[in-house]
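Okay, so the sequence shown: first residue is 1 according to UniProt numbering, each after it adds one.
In this text, a Cβ means the ideal position worked out from N, Cα and C, and glycines have one as well.
All values reported here derive from a predicted model rather than from experimental measurement.
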Amino acid sequence: MVKVKSLFKLRGFRKPSKSEFPKLCKTCRNIDFKKYLIYDDETSVEATKAAIKLGYLDDLIQRSSSCPLCALIVDCAKRRNDGEQPPVVYKKKRVKVSTCRKFICRVYGEGDQSAIVQRMVLEFEPAIFGYFSHIRFQLSTPNEEVSGFGRQMKPIIDMARLKGWLSDCEVRHGNQCHAPSWLGEQKQPRFLRVIDTEKKCVVHAPSECRYVALSYVWGNRKKMQSRLWLSTKATKDKLEREGGLDVKSLPKTIFDALHLLSEMGERYLWADALCIVQDDDTELAEQTSQMDLVYARAVFTIIVASGTNANAGLPGLHANTRSALQGSIRIDDKYSLTQTVAQGNATHLAQSTWNSRGWTFQERLLSRRVLIFTPEQVFWNCESAVCCEETTLERFEDISVLPQALDCHDEWEDKPDKFSRDSLRTYIIQYSGRDFTYQSDALAAFSGILRRMEYENKESYHWGLPHTRFDQALSWDGGAKLRDALCRLTAEDGSVHQVPFPTWSWLGWTGFISGPMYNETVHAHTLNGTSKSELQFYKVGLHNDIQLIQGPDPDSTPPTRRYPKNDEQKYFPLRSRWKGETSIENISPGLLAQPFIDTGRLTFWTSHARIMTRYDETSHEISIVIKGKKINVPTSGSLFQRHFETRRRAKIISIMQTSQKRPLDFIVVGRFAEIERLEMEKLNVLIVEWDEDEKERNVARMTGTAVIEEKDWVEAEREWKLVILK
Numbered sequence: 001m002v003k004v005k006s007l008f009k010l011r012g013f014r015k016p017s018k019s020e021f022p023k024l025c026k027t028c029r030n031i032d033f034k035k036y037l038i039y040d041d042e043t044s045v046e047a048t049k050a051a052i053k054l055g056y057l058d059d060l061i062q063r064s065s066s067c068p069l070c071a072l073i074v075d076c077a078k079r080r081n082d083g084e085q086p087p088v089v090y091k092k093k094r095v096k097v098s099t100c101r102k103f104i105c106r107v108y109g110e111g112d113q114s115a116i117v118q119r120m121v122l123e124f125e126p127a128i129f130g131y132f133s134h135i136r137f138q139l140s141t142p143n144e145e146v147s148g149f150g151r152q153m154k155p156i157i158d159m160a161r162l163k164g165w166l167s168d169c170e171v172r173h174g175n176q177c178h179a180p181s182w183l184g185e186q187k188q189p190r191f192l193r194v195i196d197t198e199k200k201c202v203v204h205a206p207s208e209c210r211y212v213a214l215s216y217v218w219g220n221r222k223k224m225q226s227r228l229w230l231s232t233k234a235t236k237d238k239l240e241r242e243g244g245l246d247v248k249s250l251p252k253t254i255f256d257a258l259h260l261l262s263e264m265g266e267r268y269l270w271a272d273a274l275c276i277v278q279d280d281d282t283e284l285a286e287q288t289s290q291m292d293l294v295y296a297r298a299v300f301t302i303i304v305a306s307g308t309n310a311n312a313g314l315p316g317l318h319a320n321t322r323s324a325l326q327g328s329i330r331i332d333d334k335y336s337l338t339q340t341v342a343q344g345n346a347t348h349l350a351q352s353t354w355n356s357r358g359w360t361f362q363e364r365l366l367s368r369r370v371l372i373f374t375p376e377q378v379f380w381n382c383e384s385a386v387c388c389e390e391t392t393l394e395r396f397e398d399i400s401v402l403p404q405a406l407d408c409h410d411e412w413e414d415k416p417d418k419f420s421r422d423s424l425r426t427y428i429i430q431y432s433g434r435d436f437t438y439q440s441d442a443l444a445a446f447s448g449i450l451r452r453m454e455y456e457n458k459e460s461y462h463w464g465l466p467h468t469r470f471d472q473a474l475s476w477d478g479g480a481k482l483r484d485a486l487c488r489l490t491a492e493d494g495s496v497h498q499v500p501f502p503t504w505s506w507l508g509w510t511g512f513i514s515g516p517m518y519n520e521t522v523h524a525h526t527l528n529g530t531s532k533s534e535l536q537f538y539k540v541g542l543h544n545d546i547q548l549i550q551g552p553d554p555d556s557t558p559p560t561r562r563y564p565k566n567d568e569q570k571y572f573p574l575r576s577r578w579k580g581e582t583s584i585e586n587i588s589p590g591l592l593a594q595p596f597i598d599t600g601r602l603t604f605w606t607s608h609a610r611i612m613t614r615y616d617e618t619s620h621e622i623s624i625v626i627k628g629k630k631i632n633v634p635t636s637g638s639l640f641q642r643h644f645e646t647r648r649r650a651k652i653i654s655i656m657q658t659s660q661k662r663p664l665d666f667i668v669v670g671r672f673a674e675i676e677r678l679e680m681e682k683l684n685v686l687i688v689e690w691d692e693d694e695k696e697r698n699v700a701r702m703t704g705t706a707v708i709e710e711k712d713w714v715e716a717e718r719e720w721k722l723v724i725l726k
């Protein structure tokens with residue numbers, strides 16, 4: 001441990017005099033940057049919120065000819081403005097420049113001593129660069145490394161630093177990184193192939209193989225698939241012969257990854273293009289079904305978050321492959337103010353092509369350790385620490401870092417524990433914004449996450465929804481368009497089948513999706529038997545056989561919080577007026593011994609009502625009419641809105657005509673429960689439309705969700721109906 005005050009010398013700052021720093025303007029010379037960016041527990045709250053007003057931008061430009069700090073600020077603004085002089089007047093207002101601070105880390109000292117280190121962020125009013133300017137500066141010490149402070153980078157990566165990050169993690173971080181609870185079974189992926197950097201060929205991974213995984217973007221997939229170096233049925237044998245890998249013909253990203261391994265003393269690399277036979281559907285299905293193990297078992301994963309294709313390479317591995325500009329100004333005899341290397345949205349991890357792809361989401365999440373290559377610098381992230389080239393963050397025992405401040409973290413600040421039950425909603429929200437070359441990959445590219453969640457929580461999942469309280473999970477929010485693709489499924493006997501994505505699962509939709517909200521209270525009472533689903537849901541097999549969606553598992557992980565003991569199940573007096581028998585006999589009992597082949601369909605008995613519905617095109621809200629009573633209904637989803645679409649022509653339709661009405665079909669799926677509360681006298685319902693080709697079988701697709709008061713539902717004209725949701 002260090003003495004925080006002696007480390008930062010918080011009380012010893014001496015404002016630079018004119019004779020020592022004659023070129024700084026009066027405004028810059030009067031700023032106590034060290035006190036502004038470092039404060040301890042004795043610093044007042046008001047002092048931590050204060051901003052520094054630097055003046056109008058045109059004044060800074062004028063002062064830049066004589067003040068190096070003003071010149072640095074103006075230069076950063078030019079970089080942010082694509083090299084052009086930024087506008088000094090915006091929206092008819094002179095642009096003002098000020099600063100704010102962003103937390104980066106807390107450094108701990110002896111006893112309860114600690115200090116907070118922050119970065120300075122430029123703000124422009126009006127906002128010429130949008131809400132976030134991303135122009136940032138950090139304190140640095142040229143001759144020593146201080147936790148939380150900046151440091152000078154080299155044009156070429158310091159390989160000793162990267163090796164040090166890995167070594168520190170393996171030696172000092174223990175099981176939190178070596179064997180986190182979600183990792184599960186200590187076994188190697190089946191039939192794993194890796195690239196042997198010594199033999200220059202693809203080999204079957206030796207027992208307990210220590211290998212590195214690669215996460216990157218292919219780019220134009222058709223061009224990639226035409227390459228002779230790609231693993232196919234025709235090239236597989238050649239690639240597996242010693243020396244059979246023509247390293248020089250490889251795309252630059254894979255070539256650089258092999259070079260990096262040699263520099264770091266690692267031998268084996270896993271890269272999908274070479275380690276999976278790309279035109280073998282059986283192998284593709286088998287290997288993609290174990291992506292969780294492939295990435296989780298890797299000693300670390302190389303993430304290439306630069307460029308748009310497999311020829312991007314690893315920036316900083318060779319000369320002239322990255323631009324790490326770090327303008328720096330001395331602010332006293334020891335400290336400097338240094339700009340961060342990333343100064344704009346375009347190069348942040350969250351804005352990279354890599355971060356937009358569907359497959360890379362789970363590749364990052366499933367990796368215990370990652371080296372992230374961005375256009376400017378390399379980041380390290382493991383289960384215990386986060387490091388980067390431009391800032392000293394290695395003393396993980398003495399420092400608490402906010403990863404979101406470093407542009408290498410795409411998860412939310414208030415993220416739940418990794419692979420916990422309540423993490424599913426967060427993952428779905430993030431995943432729904434990803435892109436796919438093939439929409440058919442949507443389930444496969446998320447299945448590794450689901451398998452880790454199954455292990456961590458002793459839970460089963462069906463099309464991305466948990467078995468435990470499946471009724472609650474069906475009421476997820478969002479979705480703009482149905483996913484028009486066939487999904488490849490592997491049956492229990494290993495056979496591969498293609499089925500449509502179900503409309504009742506969030507996986508069947510594209511656009512922003514907010515996954516099912518995990519209710520810990522309902523979960524706790526479900527485990528002790530005082531709460532249960534109103535309905536029973538069954539999977540429908542290819543041969544019209546069915547399987548009950550069971551839940552919860554006897555070994556299901558209980559909620560982390562304690563709840564008041566409640567041995568009595570809540571009584572709902574109106575239940576008997578709309579609910580009937582919910583169990584279904586297996587239509588084809590003779591098929592029970594055969595492997596179940598899922599179709600993506602659900603079947604269940606439920607209460608159905610066809611209700612006149614009014615849709616307001618201005619507020620996008622609906623109301624229903626039951627026995628002459630108008631009832632506003634909260635809804636989610638947008639596909640049902642097409643029932644109300646009109647082809648508007650200004651000359652024909654009055655601008656005041658903003659609502660329409662027509663009958664819609666509603667079916668009950670469960671009881672509504674508010675966040676962290678038990679179910680109440682409200683019902684979760686799905687808005688459905690019947691399939692015209694299978695209407696006689698009561699086959700429907702979901703087009704939205706809604707919540708209706710139980711007292712209103714029992715007044716509607718209802719029927720107890722066996723439905724099939726496709």
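- In the DSSP annotation of this structure, W182 is not part of any beta strand (DSSP E), being labelled neither H nor E.
- According to the DSSP secondary-structure assignment, N381 is paired through a beta bridge with V370 and V386.
- L686 carries a strand assignment under DSSP once its states are collapsed to helix, strand and coil.
- F512 is classed as exposed because its beta carbon has fewer than 16 other beta carbons within 10 Å across all chains shown.
- About 6 angstroms separates the beta carbon of E459 from that of S556, a gap short enough to meet the 8 angstroms contact definition.
- For the 8 angstroms CB-CB criterion, R483 and W509 form a contact.
- DSSP lists L465 as the bridge partner or partners of H462.
- Between C487 and S533, the beta carbon gap of about 26 angstroms keeps them out of contact (Cβ cut-off 8 angstroms).
- In the three-state scheme derived from DSSP, where H, G and I count as helix and E and B as strand, V88 is classed as coil.
- A residue is called buried when at least 16 other Cβ atoms come within 10 angstroms of its Cβ; P573 does not meet this threshold and is exposed.
- Within the same chain, Cβ atoms closer than 7 angstroms to the Cβ of E454 are found at S460 and Y461, the five residues on either side in sequence being excluded.
- In this structure, the straight-line span from the alpha carbon of V668 to that of Q594 is close to 32 angstroms.
- Rounded to the nearest whole angstrom, the C-alpha separation of V341 and L683 is 53 angstroms.
- Nearest neighbour of F666 by Cα position, chosen from E84, D712 and M680, turns out to be D712.
- Judged by pairs of C-beta atoms under 8 angstroms, the stretch 295–314 does not touch the stretch 47–63, as fewer than three such pairs exist.
- Between A445 and F501, the C-beta spacing is not below 8 angstroms.
- Runs of the beta strand (DSSP E) lying entirely within the stretch 75–132 and spanning at least 3 residues, in chain order: 96–108 and 114–125.
- Non-local beta-carbon contacts of S514 in its own chain, meaning distances under 6 angstroms to residues more than five positions away in sequence, involve I429, D477 and G478 in chain order.
- Given a length threshold of 3 residues, each whole run of the beta strand (DSSP E) inside the stretch 476–541 is given here in chain order: 486–490, 496–500 and 538–541.
- At the C-beta level, K726 and R601 come within 8 angstroms of one another.
- Taking a C-beta distance under 8 angstroms as the contact criterion, T392 and F137 do not qualify as a contact pair.
- For S328, the pairing in a beta bridge is given by DSSP as T338.
- DSSP places Q138 inside the beta strand (DSSP E), whose first and last residues are R136 to S140.
- Per DSSP, reduced to three states, the secondary structure at E198 is coil, with no helix or strand assignment.
- For K92, the closest alpha carbon among the candidates K102, T353, S114 and E125 is that of E125.
- Short of 8 angstroms from the beta carbon of C25, and not among the five residues preceding or following it, lie these beta carbons of its own chain, in chain order: R63, S66, C67, L69 and C70.
- L371 sits away from D292, with the two beta carbons spaced by 8 angstroms or more.
- DSSP, read as helix, strand or coil, puts N309 in coil.
- Looking at the backbone, the Cα of Q660 and that of H620 are separated by about 11 angstroms.
- Using a Cβ-Cβ distance cut-off of 8 angstroms, the stretch 206–220 and the stretch 262–277 are in contact, since at least three pairs of beta carbons, one from each stretch, lie closer than that value.
- A straight-line Cα-Cα distance of about 9 angstroms links E676 and Y518.
- The C-alpha of W359 is placed about 35 angstroms away from the C-alpha of R101.
- Under the 8 angstroms Cβ criterion, the stretch 71–79 does not count as touching the stretch 112–120, having fewer than three qualifying pairs.
- E585 and K721 have their C-alpha atoms some 15 angstroms from each other.
- Bridge partners of I399 according to DSSP: V107.
- According to the DSSP secondary-structure assignment, Q547 is paired through a beta bridge with K539.
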